[in-house]
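Peer 1: Please see the structure below; I have some questions.
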Amino acid sequence: MSDPVVNWSSPPAGPLRALSDGVDLWLVDASLDDAGEAAARTVLSPDELARCDRLLVPAKRIQATAVRAALRHILSRYTGASPRELSFEYGEHEKPALAAPATPGLEFNVSHSGVWGLVGVTAGRPVGVDIEQIRPLHNADGLARTVLASAELEQFAAADETARLDFLFNRWACKEAALKAAGVGMSVAPANVACRAAGNARFIAELNLAGQSTRWNVTALTPAAGYSGAVALPEGALCNAIRAWRHSA
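Here the sequence shown is numbered in the working numbering, starting from 3 and rising by one per residue.
Have a look at this one:
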């Protein structure tokens, strides 16, 4: 399985306006040296610092710090506020949003895995993003049963080892992006998400939440070598453009 490789470019200077008919995707390098980590920590809130510091593996702490600081710097481009001034609130399942006063209608989502982070920004509709490092798994079959529906499990079982991992992480990223867009996170098992191919690395993900079905347009992508990624928007939402930018610390 080969998803479109994203060609990242440098963003324009100055303030940015989120698209109501598209999505801005930002790739974040989550590897920092000691000085970079110290600088990143200066823009984080006490709560964010505490979350990062609970990660006992130094590399994971640094990556979480880098992505969270980058999120603040990115959102400051759209709001006009300084990165340190931004404040967040969280939904029932921990989906972040900007707390008031904030730019009305600005929606975002963030994910990180390994040494890369992914941020999605749009206007006027929910968005979800996910990035997953494709890596050998001790129990790929067990994870597959958690992530894949029955028909997908058959595809997984029929593929060779490399293709199986690519397929598994592709579906994982697509489903998690949809779950994050819906604001339910991993409270719903990905295996319960129906993911139907719609052509050109696009999928329709269908969730059943409290007896109500919702559908999400999901675009799969390759954000970096060895990684699967996805961005999800509500079904029917316009997505005429995906602007792909690389964040520089």
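Glycine is no exception: its CB is placed at the ideal position from the N, C-alpha and C atoms.
What did DSSP end up calling W174 once you bin it into helix, strand or coil?
Peer 2: If you number the sequence shown from 1, residue 174 lands on position 172. Of the three classes helix, strand and coil, the one that applies to W174 here is helix, per DSSP.
Peer 1: Can you check the region 56 to 107 for any beta strand (DSSP E) of at least 3 residues that lies completely inside it and give the ranges in chain order?
Peer 2: Fully enclosed beta strand (DSSP E) runs of 3 or longer: 90 to 92 and 98 to 100.
Peer 1: Does N242 pass the burial test, meaning 16 or more other C-beta atoms within 10 Å, or should it be called exposed?
Peer 2: By one-based count along the sequence shown, residue 242 stands at place 240. Per the 10 Å Cβ criterion, exposed.
Peer 1: If we count the other Cβ atoms within 10 Å of its Cβ and call it buried at 16 or more, is V7 buried or exposed?
Peer 2: Stepping through the sequence shown from its first residue, residue 7 is reached at position 5. It is exposed - the Cβ of V7 has fewer than 16 other Cβ atoms within 10 Å.
Peer 1: Does DSSP put P14 in a helix, a strand or coil?
Peer 2: Within the sequence shown, residue 14 is the residue found at index 12, counting from 1. Three-state result, P14: coil.
Peer 1: Could you give the C-beta distance for R245 and L29, rounded to a whole number, given that I count them as a contact under 8 Å?
Peer 2: As a working mapping, residue 245 is identified with position 243 in the sequence shown. As a working mapping, residue 29 is identified with position 27 in the sequence shown. Between L29 and R245 the Cβ distance is about 12 Å, and since that is not below 8 Å, they are no contact.
Peer 1: Nearest to R267 by CA position, among A193, G126 and A40, is which residue?
Peer 2: For residue 267 there is no data in the structure shown, the boundaries of the chain being 3 and 251.
Peer 1: Can you tell me where the beta strand (DSSP E) holding T1 begins and where it ends?
Peer 2: The displayed coordinates of the chain run from 3 to 251. Any statement about residue 1 would go beyond what the structure contains.
Peer 1: Name the DSSP beta bridge partners of T216, please?
Peer 2: On the sequence shown, position 214 is the one that residue 216 refers to. Paired residues: L209.
Peer 1: Just mark N9 as buried or exposed, buried being the case when its beta carbon has 16 or more other beta carbons within 10 Å.
Peer 2: As a first step, residue 9 must be located in the sequence shown, where it is residue number 7. Exposed, since its Cβ has fewer than 16 Cβ neighbours within 10 Å.
Peer 1: Grab the span of the beta strand (DSSP E) containing R248 for me, first residue to last.
Peer 2: If you number the sequence shown from 1, residue 248 lands on position 246. Element bounds for R248: A243 to H249.
Peer 1: If you reduce the DSSP assignment to three classes, tell me which class E109 lands in.
Peer 2: Mapped onto the sequence shown, residue 109 falls at position 107. If DSSP states are grouped into helix, strand and coil, E109 belongs with the strands.
Peer 1: Three or more C-beta pairs under 8 Å: does that hold for the region 85 to 98 against the region 195 to 205?
Peer 2: At 8 Å Cβ cutoff, the stretches do not touch.
Peer 1: From which residue to which residue does the alpha helix (DSSP H) around G122 run?
Peer 2: Residue mapping note: residue 122 aligns to position 120 of the sequence shown, counting from 1. First-last for G122: W118 to A125, but that is the beta strand (DSSP E), not the alpha helix (DSSP H).
Peer 1: Judging by CA-CA distance, which residue of N172, L100, T124 and E178 is the nearest neighbour of L223?
Peer 2: Walking along the sequence shown from the start, residue 223 turns up at place 221. Comparing Cα-Cα distances from L223 to each of N172, L100, T124 and E178, the minimum goes to N172.
Peer 1: Closer than 8 Å is the cut-off here; do at least three beta carbon pairs connect the region 98 to 117 with the region 74 to 81?
Peer 2: Verdict: yes, contact present.
Peer 1: Relative to the C-alpha of A20, which candidate in I133, E208 and P106 has its C-alpha closest?
Peer 2: Residue numbering aside, residue 20 sits at position 18 when the sequence shown is read from its first letter. It is P106 whose Cα lies nearest to the Cα of A20.
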